[in-house]
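Colleague: Okay, here's the structure, questions in a sec.
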Amino acid sequence: MRSSVLFYLTYTLCLSLGLLCVLFVSYWSSHWRGGFAWDYSALEFNWHPVLMVSGMVVLYGNAAVVYRAPFTWKQNKLTWKLVHGGLMFLALLLSIVGLCAVFDSHKGLNLPNMYSLHSWVGICTVAMFALQWILGLAGFLFPCSPLWFRSSLKPIHIWVGKAILILGLASCISGIDENLLLALNESSAEPYNSLPLEARFANSLGILIVAFVLVVFGILSKDKWQRPEADGESFHMEVNQAKQEHLLALKVMRLTKPTLFTNLPVTCEDRDLPGDLFGQLMREDPSTIKGAEALMLGEMLTLPQNFGNIFLGETFSSYISVHNDSSQVVKDILVKADLQTSSQRLNLSASNSAVSELQSECCIDDVIHHEVKEIGTHILVCAVSYTTQYGEKLYFRKFFKFQVLKPLDVKTKFYNAETDEVFLEAQIQNITTSPMFMEKVSLEPSMMYNVTELNTLDIVWKTNLGERGRLQTSQLQRMAPGYGDIRLSLEMIPDTVNLEEPFDIICKITNCSERTMDLELEMCNTRSIHWCGVSGRQLGKLSPAAFLSLPLTLLSSVQGLQSISGLRLTDTFLKRTYEYDDIAQVCVVCPYTSNEC
């Protein structure tokens, strides 16, 4: 995930620099050079720097990095091939129009053509660009092009594309400098060496163009930002497999614990036609339990037959072996294992250094581990590169796709108690097809606290054969309870009281508003609870955030669990009454024998 965020930040910088380049060159041509026209005059020449910077640099650079965006990896590659080719065609079209503008203006002003190094480099760059686009169209978009042509063209296409961008940068920088020398030294009152405002502005444009190209090359140089190739997309691998057999053999096995072997017992009554035939076959079956042959569960274990699925929170382990099946000595063997998820590409290889040589019938072994933290499709990409004894460098890859499923369904609920305590209810449901043993369920505290606060729920489990898994929820949050203007809570209340005997409670009244309140207390009796004291008395003024402890006396006339209700607080200034019912519950018992009560 962190790699994707870094890409989008870099890509945003790339887009911003490209936009600034276009704005700067347009402002320079319109403000200092007099604007634009298409009339064989000097104003027509002003189109040349704008179109060349926009086409040869900005559009070309953005087309080169369009494959690197992670959101395009899950989509059809043909669509983004068309986008890439379309942007390149638009860049080529702008470059050709820019060349036409400079030739037309020179013709109208009777100026010579193709005499400077800038013009030589520029015309060669556009010619290379046109040839590159035609070959790319024929090689990568036409379905009839053979695989060997695509695989041979791809590295050349990438290398020439980078070379064109470098030449385009050189052409634009030299063109800006040449334009400044001609314009300022011949027709301006301030020469170029005095560095007038126009010179400083145009030099800043050159710095922006260099920065844009550097950011583009930075994006292209990151291996983690390359589009992952699924099965059938790697032309190099397909051609190698079609043309020759590799000297090395790659074997990848997932390390999982075996499962218990189950059989299907077939039984019948002794009086049936088979008689004891089925029973004899089950007793001779080595997978059954002696003395309990009718049980489906046997004493044998079964090794996994496929790559299978894995659950979120478990550890993915795999054994990778590269064996030299040939009679030759192979050199410079590099084995690389990457795990491609929906959002990132992880390197799982224990060592990234190459093995100097591998003798015949010898092997290189490696075990990789990774704690799975994402749901969805994962692809294990194993790549092997080596050099034969004749100096030929070979390379092949294998892809292993597996699904990461959700093992548990976790739901949480919060309950606010009257004593300001918060109770968390966690509902954990096993949504897999096999039982699991919950080893630990704990509430992990935040890094800022030393006590258990609401943060994350840590769940550790084991499957039926002891495979360990661990899952952490996201940070738990709850809405703060609202108490209104006045909060009424109990500081003291007895658990059990006697029937028809007075008992005392202590209420705490807190002013939660931002104004001073003048409160009046009214006590209303219910069918089972009666208040003792004067109702309608004044409690006095209560400042904001202040509280008042109020002792009250009650009497119950009914046995059982009774609810305390009937308190009314009135703000005499606003004439607003706050009602409090079901404040608490108290157990009323009879102190006498059952006959006396």
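If you use the UniProt record's numbering, the sequence shown corresponds to residues 1 to 597, in order. Using N, Cα and C, we set each Cβ at its ideal position, and we do this for glycine too.
To the nearest angstrom, how far is it from the Cα of Cys-100 to the Cα of Tyr-40?
Modeller: Rounded to whole angstroms, Cys-100 to Tyr-40 spans 10 Å at the Cα level.
Colleague: Would you mind sorting Met-1 into buried or exposed? The rule is 16 or more other CB atoms within 10 Å of its CB.
Modeller: Because the pLDDT of Met-1 is 48, which lies under 50, any placement of that residue in the model is unreliable, and the question is left without a value.
Colleague: Tell me whether Val-329 sits in a helix, a strand or coil according to DSSP, three-state version.
Modeller: Of the three classes helix, strand and coil, the one that applies to Val-329 here is coil, per DSSP.
Colleague: Exposed or buried, what is Glu-425 when buried is set at 16 or more other beta-carbons lying within 10 Å of its beta-carbon?
Modeller: So Glu-425 counts as exposed.
Colleague: According to the Cβ coordinates, are Asp-11 and Gly-168 closer than 8 Å?
Modeller: Residue identity check: residue 11 is Tyr in the sequence provided, not Asp. The answer is no: Cβ separation not under 8 Å.
Colleague: Using DSSP's beta-bridge definition, name the partner residues of Asn-498.
Modeller: Paired residue(s): Val-589.
Colleague: Give every residue of the same chain whose Cβ lies closer than 8 Å to the Cβ of Gln-585, excluding the five residues on either side of it in the sequence, and list them in chain order.
Modeller: Closer than 8 Å at the Cβ level, and outside the excluded window around Gln-585, lie Leu-561, Gln-562, Ser-563 and Ile-564.
Colleague: In whole angstroms, what separates the C-alpha of Ser-30 from that of Val-372?
Modeller: Each residue's Cα considered, the two are about 57 Å apart.
Colleague: Suppose you measure from the CA of His-369 to the CA of Ser-349; what does that come to, to the nearest Å?
Modeller: Roughly 9 Å between the two C-alpha positions.
Colleague: Based on DSSP bridge pairs, tell me the residues matched to Glu-314.
Modeller: The partner list for Glu-314 (beta bridge, DSSP) reads Gly-469.
Colleague: For Ile-510, report the span of its beta strand (DSSP E) as first-last.
Modeller: The question names Ile, but residue 510 is Thr in the sequence shown. 503 to 511 is the extent of the beta strand (DSSP E) around Thr-510.
Colleague: Taking the alpha carbon of Leu-408 as the reference point, which residue from Phe-423, Asp-458 and Asn-352 has its own alpha carbon closest?
Modeller: Closest option to Leu-408, Cα to Cα, is Asp-458.
Colleague: Is the separation between the beta-carbon of Asn-263 and that of Ser-287 shorter than 8 Å?
Modeller: The answer is yes: Cβ separation under 8 Å.
Colleague: Could you tell me the boundaries of the beta strand (DSSP E) in which Glu-522 lies?
Modeller: Start and end: 517 to 523.
Colleague: Express the C-alpha separation of Ala-199 and Gly-34 in angstroms, rounding to a whole number.
Modeller: Going from the Cα of Gly-34 to the Cα of Ala-199 covers about 16 Å.
Colleague: What number of angstroms, rounded off, separates the C-alpha of Phe-103 from the C-alpha of Asp-223?
Modeller: Whole-angstrom Cα-Cα distance: 42 Å.
Colleague: From the DSSP output, read off the bridge partner residues of Gln-427.
Modeller: Per DSSP, Lys-411.
Colleague: So what's Glu-374 in DSSP terms, helix, strand or just coil?
Modeller: Residue state, collapsed to three classes: coil.
Colleague: Taking 8 Å as the threshold (C-beta atoms), are Leu-87 and Val-66 in contact?
Modeller: Yes, the Cβ-Cβ distance between Val-66 and Leu-87 is below 8 Å.
Colleague: Would you give the residue range spanned by the beta strand (DSSP E) that Met-282 belongs to?
Modeller: That residue, Met-282, is in no beta strand (DSSP E); its alpha helix (DSSP H) goes 277 to 284.
Colleague: Look at Cys-14 and Val-215 and say whether their C-beta atoms are less than 8 Å apart.
Modeller: Result yes, Cβ atoms of Cys-14 and Val-215 sit closer than 8 Å.
Colleague: Leaving out the 5 sequence neighbours to the left and right, which residues in its chain are closer than 8 Å to Cys-363 when beta-carbon positions are compared?
Modeller: Cβ neighbours of Cys-363 beyond the five flanking positions: Ser-321, Val-322, His-323 and Asn-324.
Colleague: Quick check on the DSSP output: the beta strand (DSSP E) that includes Phe-396 runs from which residue to which?
Modeller: 393 to 405 is the span of the beta strand (DSSP E), which, as asked, contains Phe-396.
Colleague: Beta-carbon within less than 6 Å of Phe-573's beta-carbon, same chain only, minus the 5 sequence neighbours each way: which residues are those?
Modeller: These residues qualify, in order along the chain: Asp-518.
Colleague: Does the Cβ of Cys-268 have 16 or more other Cβ atoms within 10 Å, making it buried, or fewer, making it exposed?
Modeller: With fewer than 16 other Cβ atoms within 10 Å, it is exposed.
Colleague: Check each candidate in Leu-488, Leu-443, Arg-468 and Thr-387 and name the one with the smallest Cα separation from Thr-412.
Modeller: Per the Cα distances, Leu-443.
Colleague: What is the DSSP secondary structure of Leu-303, counted as helix, strand or coil?
Modeller: Three-state DSSP puts Leu-303 in coil, outside helix and strand.
Colleague: Excluding sequence positions up to five away, which residues of its chain have a Cβ less than 7 Å from the Cβ of Pro-544?
Modeller: Excluding positions up to five away in sequence, the list reads Asn-511, Ser-513, Glu-514, Arg-515 and Thr-516.
Colleague: Buried or exposed: which applies to Leu-521, given that a residue is buried once 16 or more other Cβ atoms fall within 10 Å of its Cβ?
Modeller: Burial call: buried.
Colleague: So, for Asn-46: in the same chain, excluding its five sequence neighbours on each side, which residues have a beta-carbon less than 6 Å away from its beta-carbon?
Modeller: Cβ neighbours of Asn-46 beyond the five flanking positions: Ser-29, Arg-33 and Phe-36.
Colleague: When DSSP labels each residue in this structure, what does Asp-223 get in the three-state scheme?
Modeller: In this structure, Asp-223 counts as helix in the three-state DSSP scheme.
Colleague: Counting only the same chain and skipping the five closest in sequence on each side, list residues whose C-beta sits under 6 Å from that of Val-50.
Modeller: Val-25, Ser-26 and Ser-29.
Colleague: By Cβ distance below 8 Å, which residues in the same chain neighbour Phe-142 in space, the five residues on each side in sequence not counted?
Modeller: Result list for Phe-142: empty, nothing under 8 Å.
Colleague: Once you ignore the five residues that flank Cys-524 on each side, which residues in its own chain have a CB closer than 6 Å to its CB?
Modeller: These residues qualify, in order along the chain: Gly-566.
Colleague: Let me make sure I understand the geometry here. Which of Glu-501, Thr-456, Leu-552 and Phe-414 has the alpha-carbon closest to that of Val-441?
Modeller: Cα-wise, what sits closest to Val-441 is Thr-456.
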